[in-house]
Amino acid sequence: MTTLTVPARPEQDASLRPVPWRRMAWVTWRQHRLALAGVAALFGVAALFLLVTGLRMHHAYAAVAACHPAGRGICQQLADNFLSNYAPGVGPVLGLLQVIPALAGAFVATPVLARELETGTFRYAWTQAFGRARWAVAKLAPLAVAVTIAAGAFSPLVSWYVQPLWGAGDNNGPLYPTIFDLRGVAFAAWMLAGFAIGALAGVLIRRVIPAMFATILSWAGLAFVTGAFLRQHYAAPLTSTNPNVNIHGWWLISQQWTRHGQPASLSMINQTLHAIDTQAVTPGQFQPGPAASASIDPVNYLVQHGYALLTTYQPASRFWPFQWIEGSWLLALSLLFLAATVWLVRRRAA
Amino acid sequence: MNVVEASGLGKRYGGTWALRECALAIPAGHVAALVGPNGAGKTTLLNLAVGLAAPTTGTVTVLGGRPAGSPAALDGIAFVAQNTPLYKNLSTADMLHLTRNLNRRFDQGYARSRLADLGIPLKQKAGKMSGGQQAQLALTLALARRPRLLVLDEPMAMLDPLARHDFMATVMTAVADDGVSVLLSSHVLAELERVADYLILMSRGRVQVAGEVDGLLARHRVLTGPAADAGRHAERLSVVHARHGGAQAHLLVRTSGATDPVPPGWEAHPVSLEELTLAYLREPGAGALPGPARARYAEPTEVTK
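Residue numbers (the working numbering), protein chains in the order written: chain P, 1 to 350; chain F, 351 to 655.
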C-alpha cells in the first residue's frame with residue numbers, strides 16, 4: 001500500500017549519503033520563481049524600452065553619420081541638433097537602469113532567508129535531512145547565477161543604446177559614472193553584489209521589509225562611494241596642462257586653474273576676467289558679459305596673464321582595465337558576503 | 351539506544367540561561383512528554399535536540415550517539431515546531447513534493463492516504479487551512495519521512511479539543527505501527543496522561559524529574575492525615591508538595607516502595623500522573639533538592655551504551 005520513493009534502510013550508518021543537490025533545484029524554482037519572473041519582467045520592459053527608443057535614436061543618428069565632411073558646418077549643426085534632441089532623455093533612462101541591481105537584490109535575495117526567519121518556516125526547512133548549510137547554498141547559488149547572467153545579457157543592449165550619442169560627439173565618455181557600471185562586466189558584477197548584500201541583510205535583519213530597505217540603501221551607498229571616490233583611483237589619473245585640451249571621451253576628474261604653481265580660485269580668475277567683462281561659471285565654462293569682445297578667448301586671455309589650466313582625467317582607453325578591476329573586487333566582495341550568509345545560517349541559533 | 355541523550359547541556363541567550371546543567375537520557379520506544387511552565391526551557395531543549403540551536407555548554411546526541419543537527423541526526427528525526435510553520439502560499443501537493451525533495455526517504459503513499467483520510471485536498475493552500483488541518487499536514491509531512499524519533503513542540507497549543515484528539519490519534523497510530531519514538535512538549539496535562547509513558551518535568555531551565563511514568567508513579571504517593579501532625583512527619587519524609595485542606599493535610603512524598611511504613615493515623619494513596627505533575631510544577635525547587643532524590647528518580651537517565 002505504501003510506496004517509498006527511496007528504499008528505507010532501518011539501520012543507517014553514520015556515513016550515509018546526503019540528499020542529492022539536484023533535488024533542491026525544484027525547491028528553489030518553486031519558491032523563487034515569482035521573484036525570478038519579476039526580474040525577467042523588469043529586464044524585459046527595460047529591454048523593450050531601450051530597443052524602441054534606441055531604434056528611433058539610431059535612425060536619427062544615421063543622418064548625422066552620413067553627413068560629410070563630419071564635424072564641419074552643416075554636419076556639426078546636424079550633430080549638435082541630434083545631441084540636444086536625444087542626450088537629455090538618455091540621462092534619466094540610465095539613472096533608472098542603475099536601480100535594477102538594488103531592486104533585484106531586495107526582491108530576489110533578501111526574502112530567501114528573511115522570509116524563512118520572519119515566518120518561522122526555517123524551523124521546517126532547516127530540520128529536513130538536506131541540511132541547512134547545503135540548503136542555503138542550493139538556494140543562493142542558482143539565484144545568484146541567474147540574476148548575474150540576466151544582467152550580463154542585458155548590458156550589451158545598453159552599449160548599443162548609447163552608441164549614437166558618442167558618435168555624435170557627446171562629451172561623456174565610457175568611464176563616466178552614469179554609464180560605466182551599466183556596461184561590460186560591471187553591470188553583472190553590480191547585480192551580483194546587490195544579490196549578495198540582499199542575502200546577507202536577510203539573514204542579519206531577519207525581517208523582509210526592513211532587510212529590503214537595508215539592501216537598497218547599502219547597495220546605493222556602495223555604488224555612490226565607488227563612483228564618486230573609489231573608481232578614479234584604480235589607476236593614477238593623467239594630467240594635462242594644455243589649456244585648449246580636447247576632453248572628448250575622457251572621464252574628467254577635475255579641472256583647475258593654477259598660477260605660479262598655486263591653485264587659483266574662481267574668484268581670482270574672475271578678478272582677472274573682469275577686465276574683459278567675462279565670468280567663469282566653472283573652470284572650463286565662461287559667461288561673457290554685455291561688454292565682452294567676441295574676439296578675445298577667455299582661456300587664452302587667462303594663459304596670457306600667467307594662469308595655467310591643469311586637467312586631471314582618466315582616458316577612455318582605460319575602460320576595459322577599469323571594468324576588470326571593478327568586476328574582480330565586486331566578485332570577491334559578493335563571494336565573501338554569500339559565504340558569510342551561509343556561515344550565519346550554519347551558526348544562527350533558533 | 352537512547353533517542354536523546356544530554357550531559358551538562360546548557361544554552362544561554364544573551365545574559366539569561368534558558369537551559370542549564372541538563373542531564374537526560376530518553377530511551378527509545380517511548381512517548382516522552384516534556385512538561386513545564388512557560389519559560390521552563392522546553393522549546394530550548396527541543397531546539398537543541400533537533401539541531402536548530404547550538405549548545406552553550408555540554409553536549410546533546412540523538413538516536414544512539416549522533417550529534418544533534420548532524421546529517422545522520424537530521425535524517426532520523428522529524429520535527430514539528432510550535433505553531434506548525436508551513437509555507438502559506440504553497441499547496442498541500444507542493445508541500446509534499448517539497449518535503450520529498452528535502453529528504454532521503456519520503457513515503458508518498460502514506461502521506462496521500464493520510465491526507466485523504468483527513469479530507470485535506472491536495473490543491474488547498476496551507477494558508478487557507480484551519481489550525482487543525484495545518485497541524486495535521488505538518489504532522490503527516492513529518493511522519494511520511496519515516497523518522498525514528500518524532501519531536502513535537504507544543505503540538506496542541508492552537509488546537510480545539512476535537513483536533514487535539516485527532517492529532518494525538520495520528521501520533522499514536524504511528525507509534526503502534528512503526529514503533530517511532532516521540533518526544534513532545536506540552537502543558538495540556540489531560541492529553542498527556544493517556545499517551546505519555548515517559549515524563550520529563552522542567553522548571554526554570556532545569557530538569558526536575560525524568561523517568562518512566564509507571565516508575566515515577568510507583569515511587570510517589572499521597573499521605574493524608576491530621577494537619578497538626580504534618581510538620582512533624584514532613585521532617586522525616588521526602589515531601590514534594592504539601593496541601594492543607596482544613597484539618598487534613600495531603601503530603602505528596604517520595605517513597606522507596608509500597609513497603610515504606612505509613613505514620614500511625616495516616617492513610618496512603620497512589621498518586622495520579624496529573625497530581626504528580628502539578629505537585630512538581632508548584633514546587634520548582636523540588637527536583638533540585640539535595641539528597642538522593644535526584645539520583646534515585648533520575649534512574650532511567652543512566653547512560654546506556
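In this text, a Cβ means the ideal position worked out from N, Cα and C, and glycines have one as well.
Residue-level contact to chain F via CB, residue i, 9 Å cutoff
i, result
"P:L331", "no"
"P:W343", "no"
"P:P18", "yes"
"P:F122", "yes"
"P:R56", "no"
"P:T354", "A query on residue 354 of chain P cannot be resolved here, the shown segment of chain P reaching from 1 to 350 and no further."
"P:R347", "yes"
Residue i to residue j span [Cα, whole Å]
i, j, result
"F:H447", "P:W26", "9 Å"
"P:D277", "P:P290", "7 Å"
"F:H619", "F:L573", "6 Å"
"F:A476", "P:T127", "19 Å"
"P:T341", "P:L335", "10 Å"
"P:I325", "F:A431", "47 Å"
"F:G419", "P:Q31", "24 Å"
"P:R183", "P:W160", "10 Å"
"F:V589", "F:P614", "17 Å"
"P:T2", "F:Y460", "Caution applies to P:T2, whose pLDDT of 45 falls short of 50 and renders its modelled position unreliable; the model cannot decide the point."
"F:Y363", "F:Q474", "38 Å"
"F:A568", "F:S606", "9 Å"
"F:G414", "P:H233", "60 Å"
"F:E617", "F:Q458", "56 Å"
"F:A513", "F:A485", "9 Å"
"F:A577", "F:A422", "56 Å"
"F:Q598", "F:D579", "9 Å"
"F:V410", "P:L333", "37 Å"
"F:A382", "P:L16", "27 Å"
"F:M445", "F:P497", "17 Å"
"P:A153", "F:A399", "47 Å"
"P:M212", "F:A494", "36 Å"
Cβ of residue i within 9 Å of any chain P Cβ
i, result
"F:G401", "yes"
"F:K478", "no"
"F:D425", "yes"
"F:L573", "no"
"F:A449", "Here residue 449 of chain F turns out to be Thr, not Ala, going by the sequence shown. Cβ-Cβ to chain P under 9 Å: yes for F:T449."
"F:K475", "no"
"F:L440", "yes"
"F:P377", "no"
"F:A578", "no"
"F:R582", "no"
"F:L384", "no"
"F:R495", "yes"
"F:L472", "no"
"F:N433", "yes"
"F:Y437", "yes"
"F:A485", "no"
"F:A546", "no"
"F:A428", "yes"
"F:A390", "no"
Residue i CB to nearest heavy atom of the ligand MN below 8 Å
i, result
"F:A540", "This structure does not include the ligand MN; it has no bound ligands of any sort."
Next on the checklist: Please identify, using Cβ separations under 7 Å, the residues of the stretch 126–158 of chain P that lie next to chain F, in order along the chain.
Outcome noted: W126, T127, Q128, A129, F130 and G131
Item to check | Contacting positions in the stretch 20–43 of chain P - beta carbon closer than 8 Å to chain F | outcome: R23, M24, W26, V27, R30 and Q31
Checklist entry - In the stretch 500–526 of chain F, which residues sit with their C-beta less than 7 Å from some C-beta in chain P, listed in chain order? => result none
Item to check | Length at least 3, wholly inside the stretch 442–511 of chain F: the beta strand (DSSP E) runs in chain order | outcome: 499–503
Checklist entry - In the stretch 4–92 of chain P, which residue ranges form an unbroken alpha helix (DSSP H) of at least 4 residues, counting only runs that do not cross its ends? => result 23–66
Item to check | Cβ pair count under 8 Å reaching 3, the stretch 373–388 of chain F against the stretch 549–567 of chain F | outcome: Segments in contact, yes.
Item to check | alpha helix (DSSP H) segments (min. 4 residues) lying fully within the stretch 81–161 of chain P | outcome: 110–119 and 122–125
Checklist entry - Is the stretch 90–100 of chain P close to the stretch 480–493 of chain F, with three or more CB pairs under 8 Å? => result no
Next on the checklist: Three Cβ pairs or more, each shorter than 8 Å: is that satisfied between the stretch 155–171 of chain P and the stretch 42–60 of chain P?
Outcome noted: yes
Item to check | Sufficient close CB pairs (3 or more, under 8 Å) joining the stretch 318–333 of chain P to the stretch 261–274 of chain P | outcome: no
Item to check | Those runs of the beta strand (DSSP E) which lie wholly inside the stretch 269–330 of chain P and span at least 3 residues | outcome: 278–282, 285–288 and 307–314
Item to check | Three-pair Cβ contact test at 8 Å for the stretch 75–90 of chain P versus the stretch 102–122 of chain P | outcome: Cβ pair count under 8 Å is below three, so no.
Next on the checklist: Give the list of continuous beta strand (DSSP E) stretches no shorter than 3 residues that lie fully inside the stretch 546–598 of chain F.
Outcome noted: 548–553, 556–562, 570–576 and 588–595
Checklist entry - Which residues, taken in chain order from the stretch 444–468 of chain F, show a beta carbon closer than 8 Å to some beta carbon of chain P? => result Residues of the stretch 444–468 of chain F whose Cβ lies closer than 8 Å to any Cβ of chain P, in chain order: D444, H447, L448, T449, R450, N451, L452, N453, R454, R455, F456, D457, Q458, G459, Y460 and S463.
Next on the checklist: Taking contact to mean 3 or more Cβ pairs, one atom from each stretch, closer than 8 Å, check whether the stretch 246–259 of chain P and the stretch 277–288 of chain P are in contact.
Outcome noted: Yes: at least three Cβ pairs fall under 8 Å.
Item to check | Interface residues of the stretch 591–616 of chain F facing chain P [CB-CB below 9 Å] | outcome: So the list is empty, because no residue satisfies the distance condition.
Item to check | Touching by the beta-carbon criterion (3+ pairs, under 8 Å), the stretch 365–372 of chain F and the stretch 516–531 of chain F | outcome: With a cut-off of 8 Å, the stretch 516–531 of chain F and the stretch 365–372 of chain F do not count as touching, because too few Cβ pairs lie within range.
Item to check | Contained beta strand (DSSP E) runs [length at least 3] in the stretch 402–434 of chain F, N- to C-terminal order | outcome: 407–412 and 427–430
Item to check | Those runs of the beta strand (DSSP E) which lie wholly inside the stretch 198–270 of chain P and span at least 3 residues | outcome: Correct list: 238–240 and 251–259.
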